[in-house]
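These protein sequence lines are chains A and B, in that order.
Here the first sequence is numbered in our numbering, starting from 1 and rising by one per residue.
Here the second sequence is numbered in our numbering, starting from 1001 and rising by one per residue.
C-beta: ideal position from N, C-alpha, C; glycine also.
The structure presented is a predicted model; accordingly, all values stated were derived computationally and were not measured.
What follows is one structure encoded as structure tokens, with my remarks underneath.
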Amino acid sequence: MAAKSHSIFDPAIIVPAIGESFKKLNPITLAKNPVMFVTEVGAAITTVLLVTGHGANFGFQFQIALWLWFTVLFANFAEAMAEGRGKAQAKALRATRTQTFANRLAGKGIVEKVPADQLRKGDVVVVSAGELIPGDGEVIEGAATVDESAITGESAPVIRESGGDRSAVTGGTKVLSDQIKIQITSNPGETFLDRMISLVEGASRQKTPNEIALTILLSALTLIFLIAMMSLKAYGIASTVDFSVPVLVALLVCLIPTTIGGLLSAIGIAGIDRLVQKNVLAMSGRAVEAAGDVDVLLLDKTGTITMGNRQATDFLPAPGVTKQQLADAAQLASLADETPEGRSVVVLAFGLRARELSEMANATFVPFTAQTRMSGVDMDGVNYRKGSSDAIRGFVGGKMPGPVENDVKSISGSGGTPLVVATNNRVLGTIHLKDIVKGGLSDRFERFRAMGIRTVMITGDNPLTAAAIAKESGVDDFLAEAKPEHKLALIRKEQQAGHLVAMTGDGTNDAPALAQADVGVAMNTGTQAAKEAGNMVDLDSNPTKLIEVVEIGKQLLITRGALTTFSIANDVAKYFAILPAMLVGTFKEIAPLNIMFLKSPESAILSAVIFNAVIIIALIPLALKGVRFRPLGAAKILARNLLIYGLGGILLPFVGIKLIDIIITAIGLA
Amino acid sequence: MHGNNGSAFAGLTGNPANGDPHYNITLAFAMLVGRFGMIIPVMALAGSLGRKKLLATSAGTFPVSGSLFVILLIGTILLVGALTFLPALTLTPILEHFLMLNGKLF
């Protein structure tokens, strides 16, 4: 089941989020966010002054206090919304795992039935056809087909067997046939899903390095404005202007970056949410951020750049042979060949000649062996064979027609694999097997190039084949004849040169490289070792998704930057609203500074405070969805966002504050 | 006037005859905070930056040369600077300007 994207306005998320907003007023938890903490202290001071009866204008001060509390609540609401959406997605994933019972082996062949949540790491359970797998684990005995659609959304069952790279099973998936013994590899509460859920929940969420840096910057700004306000109070005394404390608090709250301060954690959680929507579980917020800074992608050729297997794409007949005859013989020689390559030959030939197995009652199939390196069929006294050109040359007695030799050479030269077909002693022609490059990749790699990300294809193929596929797919670079240890060495080399590297992997031998990479996306079908080593798990096991992971990471970082710029740029208009209002009572000559022609000093200050609170709510959708992402270089994105969020951030509040001033004047609030 | 460094333009009767050291002490304090209060966090920032890993540049790297960066840097300095000092400036030169326009001089 794919995690669904929830509407921003889903009441099932909004209603609990409102309650959460009040719970988050707790100053102990709010202290983690210095900007909002200062706002809350300001709101509290204003409220105390109001209750104790200090101040001349009760109605005005009451509204100031009210909107300061709203500012804190709105920021809490943004965070609660992001958490709620994350939890809803995680809950949908977790729903599969409740009510599962496990048959635990209690030694000496005794099997006991226990609830799945009582299983501990190291326990061995038996799972039979029709039962749910009670927890993440490794198959230690047997093989079974497993329906993993609950996790991956992919309806085709997969085979899970002991040993090798296909031994990992996920809790909540269903065994369809056979019986397997599974060793549980994680305690309840420690599975990937649990780790992901705790990541979006407040309790164990830790600030990422980028969030810490931004929090320090925002705290420094807050401190500067706090000092500026305190000195303003002192200047006021010297100039015989009495600035009232609620007005100073209002100005302070308007100036400190409450917009980004309030939305910061929501942006981070929303990044993780967006990954979950793509069925990728991140093990830390840090990993999502690193994905945004990645500038080298290591992509495995097989499965990522090309379809899993080579496919027959063409028949090249020898002189004097029709294409029809060649296709016919190739199909016969491949009927018993159950490899994907063999099946692709049958499928390609099918367009030319349909054949039923019943026609072949008296056929003897000759399977492929490592010695003969051929496969085929003996039927009605004719030996049909297909195999490598060397093997077939031996089969037909050493002589191969010149044009066929040329075809073989040109296919190899283009990065394909030639298979030669012969009947008895006659060479009929060549089958062109080739890696099929997945569609749309060269466009994506082009987008990456524009963003400054280099793509490197990793393949075990020889350099010639690798170069041909690299050219066709449009990757920037390739590593041919690669072994797993080469991957690790390449990652280290790139990191030494100052690059951040992302990769995908599924095998146990990928684990060191996954751990070394800055972003290591493990395939859900992969081994437990690979999943432990990486910092993300792709539930769909689709290696091409690495590309989307990087885009989500970039979008997260850009959203944060854009809203920070917007938040600080907003302050200009607030000065023009509040400063003349504070002075005009004593010096009416300052009136021309009120360039927005706000109605009264009270309405001006109140409008600025209301705008400051409401903008948080208005920007929640943007924080949760992320700013629109374009595959451009950093300079272009920066210029664009400076224009929108910088210049726009300066201008928008002038309009907004004026509008609010008109409204509150019209309804008589100030 | 000796002992006063001149920054005060002696407008506040720099070093008063009655020996009240108020402005000498507050000015000294302000200078200390103004210098070291800035230098210490900036040094900490530099130390943190110095420990950072050097990253390779690419089209995805934040550009630190060219007109865009110049505009961004100057814009940020002006904006944050204006935001910090505008309240105080409004009360003094800006207010005095408007008072002057109304024929009120000091």
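Using a Cβ cut-off of 9 Å, pull out every chain B residue sitting near residue i, in sequence order please.
i, result
"S239 (chain A)", "L1091, T1092 and L1095"
"Y645 (chain A)", "Neighbours of Y645 (chain A) on chain B: none; closest Cβ ~12 Å, over 9 Å."
"G498 (chain A)", "K1053, L1054, L1055, A1056 and T1057"
"L579 (chain A)", "L1086, P1087, T1090, L1091 and I1094"
"L68 (chain A)", "Chain B residues near L68 (chain A): none, gap ~19 Å exceeds 9 Å."
Taking C-beta pairs closer than 8 Å, name the residues in chain B that residue i reaches, listed in chain order.
i, result
"M671 (chain A)", "Lying before the first or after the last residue shown, residue 671 (chain A) is absent from chain A, which here runs from 1 to 670."
"A569 (chain A)", "L1079"
"L583 (chain A)", "T1090, L1091 and L1095"
"L651 (chain A)", "Those within 8 Å of L651 (chain A) in chain B number zero; the least Cβ separation is about 14 Å."
Here's the rule: buried if 16 or more other CB atoms are within 10 angstroms of the residue's CB, otherwise exposed. What is residue i?
i, result
"A3 (chain A)", "Residue placement at A3 (chain A) cannot be trusted, given a pLDDT of 42 that sits under 50; what the coordinates show is reported in the next sentence. Classification of A3 (chain A): buried, given that the 10 Å Cβ count is 16 or more."
"M457 (chain A)", "buried"
"E551 (chain A)", "buried"
"Q324 (chain A)", "exposed"
"H1022 (chain B)", "exposed"
"P688 (chain A)", "Lying before the first or after the last residue shown, residue 688 (chain A) is absent from chain A, which here runs from 1 to 670."
"G1034 (chain B)", "exposed"
"I663 (chain A)", "exposed"
"G1003 (chain B)", "Because G1003 (chain B) sits at a pLDDT of 48, beneath the cut-off of 50, its placement in the model cannot be relied upon, and the point is left open."
"F243 (chain A)", "buried"
"D672 (chain A)", "There is simply no residue 672 (chain A) to check, as chain A begins at 1 and stops at 670 in what is shown."
"A17 (chain A)", "buried"
"D380 (chain A)", "exposed"
"D571 (chain A)", "buried"
"S1065 (chain B)", "exposed"
"M1100 (chain B)", "exposed"
"L1073 (chain B)", "exposed"
"F60 (chain A)", "buried"
"M1001 (chain B)", "In this predicted model, M1001 (chain B) has a pLDDT of only 38, less than 50, meaning its place in the structure is not dependable; the value taken from the coordinates is given anyway. That one is exposed."
"A168 (chain A)", "buried"
"Q331 (chain A)", "buried"
"N542 (chain A)", "buried"
"D661 (chain A)", "buried"
"F597 (chain A)", "exposed"
"D461 (chain A)", "buried"
"H499 (chain A)", "buried"
Under 9 Å Cβ-Cβ, which residues of chain A neighbour residue i?
i, result
"F1098 (chain B)", "F587, E589, I590, A591, P592 and L593"
"A1088 (chain B)", "A228, S231, L232 and Y235"
"N1024 (chain B)", "Those within 9 Å of N1024 (chain B) in chain A number zero; the least Cβ separation is about 18 Å."
Can you list the residues of chain A that residue i reaches, using a CB-CB cut of under 8 Å?
i, result
"A1032 (chain B)", "Position check: residue 1032 (chain B) holds Leu in this sequence, whereas Ala was assumed. Per Cβ cutoff of 8 Å: no residues; L1032 (chain B) is ~15 Å from chain A at best."
"T1084 (chain B)", "I224, F225 and A228"
"P1063 (chain B)", "A634, A635 and L638"
So residue i contacts chain B; which residues on that side make the cut at Cβ distance below 7 Å?
i, result
"S600 (chain A)", "Here the premise fails: no neighbours, minimum Cβ distance about 18 Å."
So is residue i in contact with chain E if we call contact Cβ pairs under 9 Å?
i, result
"R492 (chain A)", "Protein chains A and B are contained in the structure displayed, whereas chain E is not."
Taking residue i as the query, report the chain A residues whose CB atoms sit under 7 Å from its CB, ordered along the chain.
i, result
"L1072 (chain B)", "L642"
"L1068 (chain B)", "A635, L638 and A639"
Members of the segment 1037 to 1060 of chain B that neighbour chain A once the beta carbon cut-off is set at 8 Å = Residues P1041, K1053, L1054, L1055, A1056, S1058, A1059 and G1060.
Uninterrupted beta strand (DSSP E) stretches inside the segment 301 to 332 of chain A (no shorter than 3 residues) = 306 to 317
Check whether the segment 14 to 24 of chain A touches the segment 72 to 80 of chain A, counting contact only when three or more Cβ pairs, one atom from each stretch, lie closer than 8 Å.
-> yes
Starting from the N-terminal side, write out each stretch of the beta strand (DSSP E) that is 3 residues or longer and does not extend beyond the segment 418 to 491 of chain A.
-> 426 to 437, 454 to 458 and 477 to 479
Counting only runs of 4+ residues fully inside the segment 582 to 640 of chain A, write out the alpha helix (DSSP H) ranges in chain order.
-> 601 to 625
Under 7 Å (Cβ pairs) to chain B, residues found in the segment 624 to 639 of chain A | G633, A634, A635, L638 and A639
Is the number of C-beta pairs between the segment 285 to 294 of chain A and the segment 372 to 388 of chain A that are closer than 8 Å three or more?
-> Segments in contact, no.
Runs of alpha helix (DSSP H) lying entirely within the segment 529 to 562 of chain A, each at least 4 residues, in chain order = none
Residues of the segment 281 to 307 of chain A with a CB closer than 7 Å to any CB of chain B: list them in chain order, please.
-> Residues passing the 7 Å Cβ filter: D295.
Mind the definition here: the segment 118 to 134 of chain A touches the segment 172 to 180 of chain A only if three or more C-beta pairs lie below 8 Å; say whether that holds.
-> Between the segment 118 to 134 of chain A and the segment 172 to 180 of chain A there are three or more inter-stretch CB-CB distances shorter than 8 Å, so the stretches are counted as touching.
Would you mind listing the alpha helix (DSSP H) stretches within the segment 363 to 419 of chain A that are 4+ residues and don't spill past its ends, in chain order?
-> 389 to 395 and 402 to 413
What runs of the alpha helix (DSSP H), each 4 residues or longer, lie entirely inside the segment 260 to 306 of chain A?
-> 285 to 293
Cβ contact check for the segment 577 to 594 of chain A and the segment 523 to 541 of chain A: 3 or more pairs under 8 Å | no
Using 8 Å as the Cβ pair cut-off and three pairs as the minimum, do the segment 397 to 407 of chain A and the segment 417 to 430 of chain A touch?
-> Taking a cut-off of 8 Å for Cβ pairs, the segment 397 to 407 of chain A and the segment 417 to 430 of chain A touch, as three or more such pairs fall below it.
Check whether the segment 446 to 460 of chain A touches the segment 313 to 323 of chain A, taking contact to mean three or more Cβ pairs, one atom from each stretch, closer than 8 Å.
-> Result no; under three Cβ-Cβ pairs closer than 8 Å.
Contact the segment 30 to 48 of chain A vs the segment 102 to 120 of chain A: 3+ CB pairs below 8 Å | no
Please name the residues in the segment 249 to 281 of chain A whose beta-carbon is closer than 9 Å to at least one beta-carbon of chain B, in chain order.
-> If you check each beta-carbon in the segment 249 to 281 of chain A against every beta-carbon of chain B, the ones closer than 9 Å belong to L251 and L255.
Quick one: which residues of the segment 380 to 398 of chain A get their C-beta closer than 7 Å to a C-beta of chain B? List them in chain order.
-> Answer in chain order: no residues at all.
For the segment 408 to 415 of chain A and the segment 289 to 296 of chain A, state whether three or more C-beta atom pairs, one from each stretch, are separated by less than 8 Å.
-> Result no; under three Cβ-Cβ pairs closer than 8 Å.
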